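Data block below; observations after.
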Amino acid sequence: MILIFEGIDGSGKTTQIKLLSKELRKRKIKYYLTKEPKEPLRSVILKNKFHPLVYFFLFNADRARNFLQIRKYLKKKYWILIDRSFPSTFAYQWALGGLDKVIDKKLLLKINKISTFSLYPDKVFIFDLPAEIAYSRLKKENIFEDKSLNYFKKLRKVYLKLSKIFKWHVIDSSKSKEEVFEEVKKILKLC
Ligand code: TYD
Numbered sequence: 003m004i005l006i007f008e009g010i011d012g013s014g015k016t017t018q019i020k021l022l023s024k025e026l027r028k029r030k031i032k033y034y035l036t037k038e039p040k041e042p043l044r045s046v047i048l049k050n051k052f053h054p055l056v057y058f059f060l061f062n063a064d065r066a067r068n069f070l071q072i073r074k075y076l077k078k079k080y081w082i083l084i085d086r087s088f089p090s091t092f093a094y095q096w097a098l099g100g101l102d103k104v105i106d107k108k109l110l111l112k113i114n115k116i117s118t119f120s121l122y123p124d125k126v127f128i129f130d131l132p133a134e135i136a137y138s139r140l141k142k143e144n145i146f147e148d149k150s151l152n153y154f155k156k157l158r159k160v161y162l163k164l165s166k167i168f169k170w171h172v173i174d175s176s177k178s179k180e181e182v183f184e185e186v187k188k189i190l191k192l193c
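Going by the numbering used here, the sequence shown opens with residue 3, and the numbers climb by one from there.
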């Protein structure tokens, strides 16, 4: 089982990942929790300003490292929980970062398949809430979060559009964290 957790910054996905981890431990289900980008590339990516194409390759390089590790845990029958992955690249770099002018959708998907070793997630959760709420929660720790409210509105729109195309699960995360988690459990049939 591969699960990807996504959403605009401040959408509450990290809280949901924590709740699910706890639930899995309770059920004695082994899981591997990871996030993208992760070290050592994380510091390079988040602390510098690059052209969208350069970001794209850096995120994909980071993803390939991550998925090499994921493959090992999958063989051991672990559940895989990923805090952001390729849906972020589709939203941030491709749709909003201007990469769509350099790489077409077909090629984007092909490169993604290579970086993920053809592993496709069982579920992608998009934690969705009004941009204003997400924006007000931000700590602005990296340059990706140093954006305007308008940018967040666009980002939300992009996530919702992509969710329709790829059939990702959109969850209303303006509800309480308990209610949101019930929804997650329902989708995973953990009720
Ligand atoms: P992070 O501190 O992990 O943010 P969050 O807790 O919201 O996940 O920072 C990751 C940032 O990198 C986030 O703003 C989204 C961005 N990002 C991309 O632009 N493309 C990607 O492919 C990924 C994985 C993340």
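Even glycine gets a Cβ: it sits at the ideal position worked out from N, Cα and C.
Source: prediction; values computed, not measured.
query                                                                                                                                                     : result
Helix, strand or coil for F129? Go by DSSP, reduced to three states.                                                                                      : strand
In the DSSP assignment, the alpha helix (DSSP H) including Y122 goes from what residue to what residue?                                                   : Segment: none, Y122 is in no alpha helix (DSSP H) and carries neither H nor E.
Got a sec: does the ligand TYD put a non-hydrogen atom nearer than 7 Å to the Cβ of K199?                                                                 : Nothing can be reported for residue 199, as the shown portion of the chain is limited to 3 through 193.
So, does the CB of A97 fall closer than 8 Å to a CB anywhere in chain C?                                                                                  : Judged by its chain identifiers, the structure shown contains no chain C, having just a single protein chain.
Under the three-state reduction of DSSP, which class applies to Y52: helix, strand or coil?                                                               : Reading off the sequence, residue 52 comes out as Phe, not Tyr. Here F52 sits in coil by DSSP.
Do R1 and the ligand TYD come close, with the Cβ less than 7 Å from some heavy atom?                                                                      : Here the chain comprises residues numbered 3 to 193, so residue 1 is not present and cannot be evaluated.
With which residues is E8 paired in a DSSP beta bridge?                                                                                                   : I128
Suppose the cutoff is 6 Å on Cβ atoms and the five residues either side in sequence are ignored; what does the same chain contact list for K32 look like? : Y80
With a cut-off of 8 Å on the beta carbons, I'd call P54 and L101 a contact; round off their distance for me.                                              : 4 Å
Confirm, please, whether the CB-CB distance from L70 to L35 is below 8 Å.                                                                                 : no
Per the contact definition of three or more C-beta pairs closer than 8 Å, is the stretch 43 to 51 in contact with the stretch 8 to 17?                    : no
Nearest to K107 by alpha carbon, out of L121, F127 and L164?                                                                                              : L164
Y75 by DSSP, collapsed to three states: which one?                                                                                                        : helix
Closest to F58 by C-alpha separation, out of Y161, P39 and K74, would be which residue?                                                                   : P39
Which same chain residues, not among the five before or five after L121, have their C-beta less than 8 Å away from its C-beta?                            : I4, F69, I72, R73 and L76
Looking only at C-alpha atoms, which of F129, E134, T17 and L111 sits nearest to I173?                                                                    : F129
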